[in-house]
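**Q**
Numbering (our numbering), first residue to last: 1242 to 1363.
(1) The alpha helix (DSSP H) that contains residue 1261, what's its start and end?
(2) When DSSP labels each residue in this structure, what does residue 1287 get in the three-state scheme?
(3) Rounded to a whole number of angstroms, what is the C-alpha to C-alpha distance between residue 1322 and residue 1284?
(4) If we ignore side chains and look at the alpha-carbon of each, how far apart do residue 1325 and residue 1335 end up?
(5) Hey, how far is the Cα of residue 1288 from the Cα of residue 1339?
(6) Give the DSSP-derived three-state secondary structure of residue 1293 in the structure shown.
(7) Is residue 1329 helix, strand or coil by DSSP?
(8) Buried or exposed: where does residue 1272 fall if 16 or more other Cβ atoms within 10 Å of its Cβ makes it buried?
(9) Does the beta carbon of residue 1257 come closer than 7 Å to any beta carbon on chain B?
(10) My output table needs one value for residue 1303: the three-state DSSP class, helix, strand or coil.
(11) Measuring alpha carbon to alpha carbon, tell me which residue in 1245, 1344 and 1316 is nearest residue 1278.
(12) Applying the 10 Å Cβ sphere with the 16-neighbour rule, what's the burial state of residue 1243?
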């Protein structure tokens, strides 16, 4: 996403170019790009003039959106997750839950308020 954000104004970007710049195996990158495309974050075009591009401006995509898409909950443990709640052994420890909620809120706020445009500023 950072690579595509940097290339946003340049049009379509070939997967081979991204893989080379980011040192990511092409097959692995294909899986990531497919998920991002089916989730609406990317547009693509096939053929020799094809490639990928962001479907919206990098300033309109928060890091939190992509982290949730790729990794799930932002919370450090499921028992404090707002979107992926699951009970855990620490669920009954109110003090520990409070600490983990503070961590969750800090991480969430930071990632929600950081866009891909922010990440590519010089």
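Heads up, the beta-carbon is just placed ideally off N, CA and C, and yes, glycines get one too.
**A** In brief:
(1) Run containing residue 1261: 1256-1263, per the alpha helix (DSSP H) assignment.
(2) Coil at residue 1287, not helix or strand.
(3) Straight-line Cα distance between these residues: approximately 31 Å.
(4) Spanning the two alpha carbons is a distance of roughly 19 Å.
(5) Cα to Cα, the separation comes out at about 53 Å.
(6) Under the three-state reduction of DSSP, residue 1293 is assigned to strand.
(7) DSSP places residue 1329 in coil when its eight states are reduced to three.
(8) By the neighbour-count definition (other C-beta atoms within 10 Å, threshold 16), residue 1272 is an exposed residue.
(9) Judged by its chain identifiers, the structure shown contains no chain B, having just a single protein chain.
(10) DSSP, reduced to helix, strand and coil, places residue 1303 within a strand of the structure shown.
(11) Minimum Cα distance to residue 1278 is reached at 1245.
(12) Burial call: exposed.
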